[in-house]
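Quick note, the sequence shown lines up with residues 3 to 178 if you use our numbering. From the three backbone atoms N, C-alpha and C, an ideal C-beta is built for every residue, glycine too. Please read these numbers as outputs of a predicted model, since none were measured by experiment. Here is the structure we will look at.
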Amino acid sequence: MEQLTDVPRWSEVLRDRTHVVIRPLVPTDRDAERAFIEQLSAETCRYRFLGFVRHPSERLLDSLTRLDPEREVAFCAVVAEDAHDKIIGVSRFSADKDHQRCECAVVVDDEWQNKGLGTLLMRRLIEVARARGIRVMRSIDLAENIRMADLAGDLGFSRHPDPDDASQVIHELKLD
């Protein structure tokens, strides 16, 4: 892990040999986060938000970029584009009030899928959750989201139906 003023930054190489940087998502990434969401395919958006979000509201952007550092972590994978960071993937979690469980999510730009980026983003997220003493990480996903099922399975998550919604599944990873 490389440190830049105590903010973690990781330089990673994808399966296609592309170099990316994984770093914390910060409030100044608001416009980049909006652009990232707006260019996702309808299917990727639906899988990430469990519904269609073409243009994120100001409230949604606030919740995605202004994090509670005690409970929330978000990492973005970026590549340089026109002297700016272009977000190509995001992983995040939000812990419960007891910091024992957290809900996580990951989304990767359609052009960057199938290169190992989702796995890298989730591994960094899992490392931080473990370091914070979180015991269980879970993700609620559409049952038809095969890519997430594969990713979760590769990372050791168990999978079971969502008792509240038959169209969804819950992936769960014990961290202790």
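| Query | Result |
| --- | --- |
| Report yes if the C-beta distance between V130 and V75 is below 9 Å; otherwise report no. | yes |
| Starting from Q41, trace the beta strand (DSSP E) in both directions and tell me its first and last residue. | Unbroken run through Q41 is the alpha helix (DSSP H), 32-41; no beta strand (DSSP E). |
| Spatial neighbours of Q102 within its chain, please: CB distance less than 6 Å, with the 5 preceding and 5 following residues excluded, ordered by chain position. | R137 |
| Hey, could you find the ends of the beta strand (DSSP E) E60 is sitting in? | Element bounds for E60: not the beta strand (DSSP E) but the alpha helix (DSSP H), 60-67. |
| Who are R103's beta bridge partners in DSSP? | V138 |
| What would DSSP say about P163, mapped onto helix, strand or coil? | strand |
| Quick check: the Cα distance between E4 and I128, rounded to an integer number of angstroms? | Since pLDDT at E4 reaches only 39, below the 50 mark, its modelled position is unreliable, and no value is offered. |
| Who pairs with S13 in a beta bridge, going by DSSP? | V23 |
| Along the chain, where does the alpha helix (DSSP H) that runs through F51 open and close? | 44-51 |
| Could one say the Cβ of F159 lies closer than 9 Å to chain B's Cβ atoms, at least one of them? | The question asks about chain B, but that chain is absent: this structure has only one protein chain. |
| Suppose the cutoff is 8 Å on Cβ atoms and the five residues either side in sequence are ignored; what does the same chain contact list for L123 look like? | I24, F77, A79, G91, V92, S93, V108, V110 |
| Bridge partners of F95, per DSSP? | V75, C106 |
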